[in-house]
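A.B. asks:
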Amino acid sequence: MKYSKQREALLTLLRSTRSHPSADWLYENLRKEFPNISLGTVYRNLAQLAENGDILKISTSANKEHFDGFVHRHFHFVCNKCDKIYDVDLDGMDEIKNQAAEKLNADIEDYSLIFYGICENCSSKKIINSKEEIYYEKVCMSGMRLCSRG
Ligand SMILES: [Zn+2]
Ligand SMILES: [Zn+2]
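Mapping to the working numbering: the sequence shown position 117 is 784, numbers consecutive.
1) Do you know how far the Cα of S705 is from the Cα of R698?
2) In chain order, what residues place their C-beta within less than 7 Å of a heavy atom belonging to ligand 1?
3) Determine contact between the region 757-773 and the region 710-729, defined as no fewer than three beta-carbon pairs at a distance below 8 Å.
4) Pick helix, strand or coil for D638, following the three-state DSSP scheme.
5) In chain order, what residues of the same chain lie with their CB nearer than 8 Å to the CB of S815, ignoring the 5 residues before and after it?
6) So which of M760, L677, L723 has the shortest CA-CA distance to F737?
7) Can you round the beta-carbon distance between K748 and I781 to whole angstroms, since I take them to be within the 8 Å contact cut?
Structure (structure tokens):
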């Protein structure tokens, strides 16, 4: 019983964030609720949840594993500078999957895609944007209500 309670808490924690945390981060946060939990237990539960398809496992360029509580079809971008993982929704990927299936003459059960590069915050792209866009970003950051209205 205790084991499944911990797994439940782990899943809840993962679904409360879009930051694609590491096992270490999850362990640190779960310890507040379960002081006796071990990192091994966290890893075991993560492996089980990933196997069940309840979570996604993302391996970054540094070969670190990160986890995602959102399992709808989406893709990831990893910033090589700040190591942040961003979600990106893309259309047309099923076509590429079908192409691959045809070329391989195989049944493709799953696929993932990770882009690597320098994110907007780490590059100078933000400054190149038009003044209007910069203004819009500032307005958005000052509050979600303003953002959704406009
Ligand atoms: Zn970055
Ligand atoms: Zn994601």
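Glycine included, every Cβ here is placed at the ideal spot set by N, Cα and C.
C.D. replies: Reading from the atomic positions:
1) By one-based count along the sequence shown, residue 698 stands at place 31. By one-based count along the sequence shown, residue 705 stands at place 38. Computed Cα separation, rounded: 8 Å.
2) Per the Cβ criterion, the list is C746, K748, C749, K751, I785, C786, N788, C789.
3) Verdict: no, contact absent.
4) Not covered by the structure: residue 638. The range shown for the chain is 668 to 817.
5) Along the sequence shown, read from residue 1 onward, the residue named residue 815 stands at position 148. Because S815 sits at a pLDDT of 38, beneath the cut-off of 50, its placement in the model cannot be relied upon, and the following sentence gives the value as read from the coordinates. Short of 8 Å from the beta carbon of S815, and not among the five residues preceding or following it, lies no beta carbon of its own chain.
6) Position 70 of the sequence shown holds residue 737. For the residues M760, L677, L723, the minimum Cα distance to F737 belongs to L723.
7) Counted from its first residue, the sequence shown places residue 748 at position 81. Counted from its first residue, the sequence shown places residue 781 at position 114. Not confirmed; about 16 Å, so no contact.
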